[in-house]
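Residue numbering for the sequence shown follows my numbering, starting at 166 and increasing by one per position. The beta carbon of each residue, even a glycine, is placed where N, CA and C say it ideally should be. Just so we're clear, the structure is a prediction, and the values are computed from it rather than from any experiment.
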Amino acid sequence: MEPASSSQSTSRRAGIVRVLSIVSTVCALLGGAVLRFWMIYNFFEVRDDSQLYGGIAKNLLLHHRYAITDGSGALHDTLIRLPGYPLFLAACFRVFGIENYFAPVCIQILAELGGCVLLSMLAWRLTHRLSAVQATLWLSCLCPFTAIYAAEPLTEAPTLFCIAITMWAVVRFRRWGDWRSVLAFTFAVASAALLRPDGALVGLVFALPMLGGARDRLGSGGWRSFYGASLGYGELRKVIVCIVLVLVPFAAWTWRNWTTFQVFQPLAPRYATDPGEPTWPGFQSWMKTWCIDFTSTYQIYWNMPGPIDVRNVPSRAWDFPEQQEETLQLFADYHANGDELSQSLDDRFAQLANQRIRADSFRYYFELPLLRVGDMLFRPRVENLPIDLDWWHYGNHRAETRFSWFYAGLNALYFLLGFIGLCFRPPLAKWMLLYFVLRCLLLATIEAPEARYTIEFFPMLFVLGGIAIARFVPQKQTAQAL
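Laid out in structure tokens, this is it:
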């Protein structure tokens with residue numbers, strides 16, 4: 166009777182743990198929903214990029230043109246934004262009414278919470294630890310950095326959802342090799358790339374373990390079978406279907422851009438300019454010789470062309486007094502030109518940039534890009550909150566400074582947990598690391614840092630952080646729960 170009694174006791178404990186797990190899951194999802202709707206109530210705003218996406222969506226519905234509207238009401242065909250998010254908004258406007266931005270935000274919240282569930286399922290696939298599942302779910306649901314983007318009509322929240330689907334589909338495919346995994350992966354990587362140009366990196370990186378899974382399922386023939394005579398294998402058909410389905414929307418977008426503008430553009434221009442519009446390469450190069458933080462992005466980069474307070478240009482923008490005088494005179498001429506750039510002014514910015522690059526090429530090619538990436542990774546993520554740019558000046562706004570430092574610490578904690586989880590080398594870890602490295606290298610090339618460019622790291626940080634936390638939970642307890 167003792168073995169039976171022990172078995173019943175173990176079964177009861179397992180049942181209790183399962184109930185607690187269900188309660189914990191429901192609480193995490195409810196907490197995530199409350200957090201996001203609270204952010205909608207307090208911080209919801211339609212401006213800048215949201216208005217641009219919404220304007221394109223309205224023109225699609227009302228005029229059947231992928232175009233922007235100028236101040237006079239005239240339409241101009243455009244390619245400065247990929248069609249993914251405007252099409253999503255257009256579908257929402259069709260169903261819920263023109264300029265109803267609340268509906269798409271609610272859909273984004275549901276999608277992001279669904280992504281949290283997928284990430285927790287991914288943690289289970291990678292560890293088979295219930296503690297990792299719950300830790301991942303709570304880390305993702307209650308993260309304020311991603312929650313704020315779910316509450317705004319921007320591309321970040323759908324992109325995070327696509328990344329979650331991508332990783333979940335990769336692990337599922339490597340285990341089951343089914344069509345559901347292939348189609349989910351295809352939808353996710355195509356959508357991520359149609360939302361943002363840098364979204365294509367997700368597909369490029371995680372296609373490698375997908376192909377590895379297809380190769381492994383071919384058996385001992387390996388890649389020779391994959392490329393050789395064995396073309397009837399289901400895995401090869403799945404790869405071909407995936408490639409075709411991903412390429413079709415980009416082929417259509419590229420053809421549209423060619424027929425409309427006579428340019429080859431499969432994604433979107435780097436500087437968000439339509440053909441024929443100036444990109445001002447001299448000014449861009451000059452910014453890269455000194456810009457290292459979001460404050461300069463906000464005060465200088467975003468305001469060009471337009472009114473710029475030269476007092477906001479930091480002293481690191483010049484190396485010696487004569488160069489300072491030249492820079493200040495250049496801005497004086499810029500203001501005299503009606504706060505508009507001209508080709509001659511841009512050439513002078515280029516001369517300044519070349520002068521500074523020749524003086525210290527190490528600074529330009531290594532030190533400054535590293536500092537910009539560091540700012541994007543570890544700056545307090547308060548850019549969407551009503552907090553001053555100079556949040557570190559404690560005497561000016563003590564509460565905002567304390568809150569910003571708390572956000573900085575919380576952000577650092579997520580990265581620390583992610584690093585610890587990476588050290589345990591779970592399956593898929595090397596592909597996550599490859600994505601981290603390649604994305605940081607990509608971000609090192611931009612002139613004006615923004616913390617939102619690194620928000621795409623967080624789905625991976627959630628999973629890796631959950632794995633790290635699970636290591637502190639005894640395996641015996643986890644086994645009983647399963």
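8 Å contact criterion, which residue i and residue j should meet: CB distance rounded
i      : j      : result
Ala288 : Val638 : With a Cβ gap of about 13 Å, Ala288 and Val638 do not count as contacting.
Leu359 : Gly249 : 3 Å
Pro446 : Ala355 : That pair is no contact at about 32 Å.
Arg361 : Thr324 : 6 Å
Thr462 : Glu317 : No, Thr462 and Glu317 are not in contact; Cβ-Cβ is about 18 Å, not under 8 Å.
Leu608 : Phe580 : Contact flag wrong, Cβ pair sits at about 15 Å.
Leu283 : Gly197 : The pair is not a contact, with the Cβ atoms about 13 Å apart (cut-off 8 Å).
Ala357 : Val367 : 5 Å
Thr444 : Phe429 : The pair is not a contact, with the Cβ atoms about 17 Å apart (cut-off 8 Å).
Ala635 : Arg294 : 5 Å
Met452 : Ala613 : 7 Å
Asp504 : Gly471 : 5 Å
Phe352 : Met375 : The Cβ separation is near 13 Å, so there is no contact.
Alpha carbon of residue i to alpha carbon of residue j, nearest angstrom
i      : j      : result
Phe601 : Arg246 : 24 Å
Gly630 : Arg604 : 19 Å
Phe448 : Leu582 : 39 Å
Ala300 : Ala193 : 10 Å
Phe543 : Leu227 : 43 Å
Tyr392 : Asp343 : Residue placement at Tyr392 cannot be trusted, given a pLDDT of 36 that sits under 50; what the coordinates show is reported in the next sentence. For Tyr392 and Asp343, the distance between alpha carbons rounds to 20 Å.
Pro251 : Gly219 : 7 Å
Cys407 : Asp458 : 39 Å
Thr234 : Leu217 : 9 Å
Asn207 : Ser509 : 45 Å
Gly280 : Phe531 : 36 Å
Ile465 : Tyr436 : 16 Å
Thr702 : Leu495 : For the chain, the structure presents residues 166 to 647; residue 702 sits outside this window and is missing.
Ala633 : Ile585 : 6 Å
Lys223 : Tyr231 : 9 Å
Thr460 : Leu554 : 6 Å
Ala564 : Tyr572 : 12 Å
Glu321 : Arg345 : 25 Å
Phe258 : Gly238 : 20 Å
Asn422 : His558 : 47 Å
Val182 : Ser296 : 11 Å
Ser176 : Leu185 : 14 Å
Thr492 : Ala501 : 14 Å
Val191 : Arg528 : 50 Å
Ser215 : Thr292 : 39 Å
Gly180 : Ala365 : 44 Å
Counterpart residues of residue i in DSSP-defined beta bridges
i      : result
His241 : Ile233
### Message
Contact between the region 546-555 and the region 512-525 is defined here as three or more beta-carbon pairs at a separation below 8 Å; is this criterion met?
### Response
Between the region 546-555 and the region 512-525, the count of C-beta pairs closer than 8 Å stays below three; the two stretches do not touch.
### Task
State whether the region 569-589 contacts the region 365-375, with contact taken as three or more CB pairs (one from each stretch) at a distance under 8 Å.
Between the region 569-589 and the region 365-375, the count of Cβ pairs shorter than 8 Å is below three; the stretches do not touch.
### Task
Taking 8 Å as the threshold, find out whether the region 558-578 comes into contact with the region 473-486 through three or more Cβ pairs.
With the cut-off at 8 Å, the region 558-578 and the region 473-486 do not touch.
#### Entry: Inter-stretch contact (C-beta, 8 Å, three-pair minimum) for the region 303-310 and the region 258-266
With the cut-off at 8 Å, the region 303-310 and the region 258-266 do not touch.
### Query
In chain order, which continuous runs of the alpha helix (DSSP H) of length 4 or greater are located wholly inside the region 166-224?
Here the runs fully enclosed are 167-208.
#### Entry: the region 194-201 contacting the region 269-282, beta-carbon criterion three pairs below 8 Å
Yes, they touch.
### Task
Write down every uninterrupted run of the alpha helix (DSSP H) in the region 441-528 whose length is 4 residues or greater and which is fully enclosed by it, in chain order.
Taken in chain order, the whole alpha helix (DSSP H) runs of length 4 or more contained in the region 441-528 are 446-453, 459-464, 486-501 and 508-524.
### Task
With a floor of 3 residues, list each beta strand (DSSP E) that falls wholly inside the region 525-603, ordered by position along the chain.
Fully enclosed beta strand (DSSP E) runs of no fewer than 3 residues are not present anywhere in the region 525-603.
### Task
Entirely within the region 270-346 and at least 3 residues each: give me those beta strand (DSSP E) ranges in chain order.
Here no run is fully enclosed.
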